[in-house]
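Worksheet for the structure shown next.
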Amino acid sequence: MSTVDLDLLADWMDGALDGTPDEARVGDLVAHDPAWAEAAGLMRSAMPLVSADLALLAATPEPMPADLAARFDELLAGPQFAPAPTPAPRSGTGERTLDRRPATAARRRRRWAVPVGVAAAALALAGITLPLSQLGGAGSAADSGAEMPASAELSSALYRRLSSGTDYNRYTVTDDLRNGMQTPPMTTLSTPETKSTPGDASSWMSQNTPPELRQLAESQPALGGCLSAVSATLPGTVELVDFARFEGRPALVITMATTTGRWVVVAGPQCGVNGSDELFRVAAD
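Quick note: to get the numbering used here, add 517 to the position in the sequence shown (first position is 1).
Pasting the structure below:
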């Protein structure tokens, strides 16, 4: 009499071992070993009961805990989910801007905009870190820029933009950025628009920006599309953008002030082209 391997027996009864050497071996044990035969009989009689229990569980609604429901209600009542104000018509023109994007694409973006925002905010409330992943960004860079009002870029009156040459890592990135924000670097820009004159600051930034990030560093529309994509998954105000590296990879290291606190988002060179190209995210407070 041998010890019964219940996992192996269950696989055999479910047909998962069909065509494998174990199929004949387990079948022989069930046929000739009393312990295996008894276990197989008990398992056969239990399966209908388990199926009935699972069906009952699936049919019984489980309400959301009251405290979690209250947090969602509070979240959805926040300003980030308020309807966007309708812009006043321009006087004296009589012109109307037409949306020539395909209707299906517009519907797809509207359908995903709210669930993605809710999921991102819910995860932020739970304090979940999302390494090497992204919650949304199925549209193109042009779609992102047209659909969203570049909230990450335009919602901040000021944000700092620099190329520190730092190679951040997930263990010290929050401390490194906190220390860096206390000391204004040479490459700080005072507004989202690049208004610095040619000279030491722009030269220093060009030299220290990884080649893979220069398109984002030199093109404000490209950077705006990237920040909009980041803001779609984490609504908030941009405080700092560093064209740097993260664990050896070229990356934008972005600090965001949100309703749930300050966050650090690390985005790859394809940010704004393929969603936010998010590599890492962590709460900074």
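Just so you know, even glycine gets a beta-carbon here, dropped at the ideal spot from N, CA and C.
If you're wondering where the values come from, they're calculated on a predicted model, not measured in any experiment.
Whole-angstrom C-beta distance between LEU525 and ASP539, which should lie under 8 Å: Sequence index remark: in the sequence shown, residue 539 carries index 22 (1-based). Sequence index remark: in the sequence shown, residue 525 carries index 8 (1-based). Yes, they are in contact, since the Cβ atoms of ASP539 and LEU525 sit about 7 Å apart, within 8 Å.
The region 543-555 in contact with the region 573-592 per 3-pair CB rule at 8 Å: Verdict: no, contact absent.
Alpha carbon of MET773 to alpha carbon of THR691, nearest angstrom: Here residue 773 refers to the residue found at position 256 when the sequence shown is read from its first residue. Here residue 691 refers to the residue found at position 174 when the sequence shown is read from its first residue. Near 12 Å, if we compare the C-alpha coordinates of THR691 and MET773.
Local Cβ density within 10 Å of ARG542, reported as buried at 16 or more and exposed below that: Translated into positions along the sequence shown, residue 542 becomes position 25. With fewer than 16 other Cβ atoms within 10 Å, it is exposed.
Run of the alpha helix (DSSP H) containing ALA594, from where it starts to where it stops: For the purposes of this step, residue 594 is taken as residue 77 along the sequence shown, with counting starting at 1. Looking at the DSSP string, ALA594 is not in any alpha helix (DSSP H), and its letter there is neither H nor E.
GLY742 and ALA768 closer than 8 Å at C-beta: Residue numbering aside, residue 742 sits at position 225 when the sequence shown is read from its first letter. Residue numbering aside, residue 768 sits at position 251 when the sequence shown is read from its first letter. No.
Alpha-carbon to alpha-carbon, TRP780 and PRO580: Sequence index remark: in the sequence shown, residue 580 carries index 63 (1-based). Sequence index remark: in the sequence shown, residue 780 carries index 263 (1-based). Cα to Cα, the separation comes out at about 31 Å.
Environment of ALA576 [buried if 16+ CB atoms lie within 10 Å]: Here residue 576 refers to the residue found at position 59 of the sequence shown. Counting Cβ neighbours within 10 Å, ALA576 comes out exposed, since fewer than 16 surround it.
Pick from LEU679, GLU764, ASP693, THR726 that is closest to LEU757, judged by C-alpha positions: Numbered from its first residue, the sequence shown carries residue 757 at position 240. The residue with the shortest Cα to Cα distance from LEU757 is LEU679.
Limits of the alpha helix (DSSP H) - the one that THR750 falls within: Translated into positions along the sequence shown, residue 750 becomes position 233. Its alpha helix (DSSP H) spans residues 737-750.
Unbroken alpha helix (DSSP H) run spanning MET560, endpoints: Position 43 of the sequence shown, counting from 1, holds the residue named residue 560. Segment 551-576, the alpha helix (DSSP H) holding MET560.
Where GLU579 falls: helix, strand or coil (DSSP): Taking the sequence shown and counting its residues from 1, the one referred to as residue 579 is at position 62. Looking at GLU579 - three-state DSSP - the assignment turns out to be coil, as it is neither helix nor strand.
Run of the beta strand (DSSP E) containing LEU757, from where it starts to where it stops: Your numbering for residue 757 matches position 240 in the sequence shown. Taken as a continuous stretch (DSSP letters only), the beta strand (DSSP E) holding LEU757 covers 754-763.
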